[in-house]
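Peer 1:
Protein chains: 2
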Amino acid sequence: MRDPPSADAITAWARLLRAQTVLLDHVQVSLKAAGLPPLVWYDVLLELHRARPEGLRQYEIGERMLLSKSNLSRLLDRLVARSLIERRTCPEDARAQVVRITGAGHELLRRMWPVYGRCIRELVEARLEPAERRRLAELLALLVDGRAPR
Amino acid sequence: MRDPPSADAITAWARLLRAQTVLLDHVQVSLKAAGLPPLVWYDVLLELHRARPEGLRQYEIGERMLLSKSNLSRLLDRLVARSLIERRTCPEDARAQVVRITGAGHELLRRMWPVYGRCIRELVEARLEPAERRRLAELLALLVDGRAPR
DNA sequence: GACTGATGGTTGCAATTGCAACTTGTTCTG
DNA sequence: CAGAACAAGTTGCAATTGCAACCATCAGTC
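Order-wise, the sequence lines are chains A and B.
The numbering of the first sequence is the numbering used here, which starts it at 1 and goes up by one.
The numbering of the second sequence is the numbering used here, which starts it at 151 and goes up by one.
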């Protein structure tokens, strides 16, 4: 190839993929072992928790979480089926749905957090010193947002 | 929860998830836009390329890539169907399959690399200084392997 | 106000994935 | 060496995902 990436860029990339796969896998397995739903449910509910009390429109959730809209639509169906969220048509825009978290949704967040939090302690806190964690977070932010003045 | 993870651990974790999602998505979209197969094909072929000339047993590929065996079995079916790899029964163990990359497999690696490599340049090399890339790689390695003396 | 193009969301369909059961062959134990 | 436990892969089935077509509504233009 014309201008191949530098070796250290490739290494960083490879390790990013690997780290994410390994750690995420650990979390998913832990959740499943505890009889809890998949992580993406937690993420959705957490977004909705943060967006209280107004809730979010579906496309806003999709943007934040980088989920395709069809995927999201059916994911929300499942959450509605368990009464973890409620979907109601938006007063200002009849096409749109406004999504809100329910009491049961909060309850599930509360039950998932101990397992999820423990994973974060084991996987991140136990393996990196505070300064290292901060540095890692900083570098990952650069990776996502570039050096743009935000 | 009893002993919640520190804020910086949570931030680092959240950014890791986000970084991986955003960057990986970019790569997948680029590959698709170029009419190329998904990244996991590349990864498998690359493992097999590295393992020349003997090839690998299926479970070895599974271990390296953290793929479930049923998933892997069918993924390899697809690669065989395109003649990118060949599967033949292992002489020492009649249960096992030995997998090798073919000429067409190498050819596909060669065609995917420009697109993949460009992504790495854009996503990693362009956004982090060399020292930052090395530091990131270092921290991610700690995250995966712990501080164990390797 | 009717027409055109964009937007928010859903749905049908095909491809991928995960789980559990199964097949075949190996290894261990007595 | 028989029998039990185990390991490598495959397969059936259900759940999830992605893509494209679609429906309904909204916004802009004339």
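Glycine included, C-beta positions come from ideal geometry on N, C-alpha and C.
Check the Cβ-Cβ distances between A/D25 and every residue of chain B, and say whether any is below 8 Å.
Peer 2: It does; some Cβ of chain B falls within 8 Å.
Peer 1: How far does the beta strand (DSSP E) with B/R245 in it extend, from its first residue to its last?
Peer 2: It is not in any beta strand (DSSP E) - B/R245 carries neither H nor E in the DSSP assignment.
Peer 1: For a test of the three-state rule: what should DSSP assign to B/L206, helix, strand or coil?
Peer 2: DSSP places B/L206 in strand when its eight states are reduced to three.
Peer 1: Classify A/L66 as buried or exposed, calling it buried when 16 or more other Cβ atoms lie within 10 Å of its own Cβ.
Peer 2: Looking at its Cβ environment, which holds fewer than 16 other Cβ atoms inside 10 Å, A/L66 is exposed.
Peer 1: Can you tell me which of the three DSSP states A/R78 falls into?
Peer 2: In the structure shown, A/R78 sits in a helix (DSSP, three-state: H, G or I).
Peer 1: Taking the straight line between their C-alpha atoms, what separation do you get for A/W41 and A/L31?
Peer 2: Computed Cα separation, rounded: 11 Å.
Peer 1: Can you confirm whether B/I235, when its beta carbon is compared against all beta carbons of chain A, has any partner nearer than 8 Å?
Peer 2: No, B/I235 lies away from the interface with chain A (no Cβ there is under 8 Å from its Cβ).
Peer 1: Would you please verify whether the beta carbon of B/L292 is less than 8 Å from any beta carbon of chain A?
Peer 2: True, the Cβ-Cβ gap to chain A drops below 8 Å.
Peer 1: Check A/E107 in the structure and name its three-state DSSP category.
Peer 2: Looking at A/E107 - three-state DSSP - the assignment turns out to be helix.
Peer 1: Does the segment 5-22 of chain A touch the segment 60-79 of chain A, meaning 3 or more C-beta pairs lie closer than 8 Å?
Peer 2: Contact fails: fewer than three Cβ-Cβ distances are below 8 Å.
Peer 1: For A/V22 and B/G267, I'd like the C-alpha separation in whole angstroms.
Peer 2: Straight-line Cα distance between these residues: approximately 23 Å.
Peer 1: Between the segment 256-271 of chain B and the segment 81-96 of chain A, do at least 3 Cβ pairs fall closer than 8 Å?
Peer 2: Cβ pair count under 8 Å is below three, so no.
Peer 1: Sorted by chain position, which residues of the same chain lie with C-beta nearer than 7 Å to B/L189's C-beta, five sequence neighbours on each side aside?
Peer 2: V177, Q178 and L181, listed in sequence order.
Peer 1: In or out: A/A7 buried (at least 16 other Cβ within 10 Å) or exposed?
Peer 2: A/A7 is exposed by the Cβ-count criterion.
Peer 1: Judging by CA-CA distance, which residue of A/P53, A/V44, A/L48 and A/L56 is the nearest neighbour of A/N71?
Peer 2: The candidate whose alpha carbon is nearest that of A/N71 is A/V44.
Peer 1: In the segment 24-56 of chain A, which residues sit with their C-beta less than 7 Å from some C-beta in chain B, listed in chain order?
Peer 2: Residues passing the 7 Å Cβ filter: D25.
Peer 1: Could you tell me whether the Cβ atoms of B/L289 and A/L136 are closer together than 8 Å?
Peer 2: In contact: B/L289 and A/L136 (Cβ atoms closer than 8 Å).
Peer 1: List the endpoints of the continuous alpha helix (DSSP H) containing A/R50.
Peer 2: Taken as a continuous stretch (DSSP letters only), the alpha helix (DSSP H) holding A/R50 covers L39 to R50.
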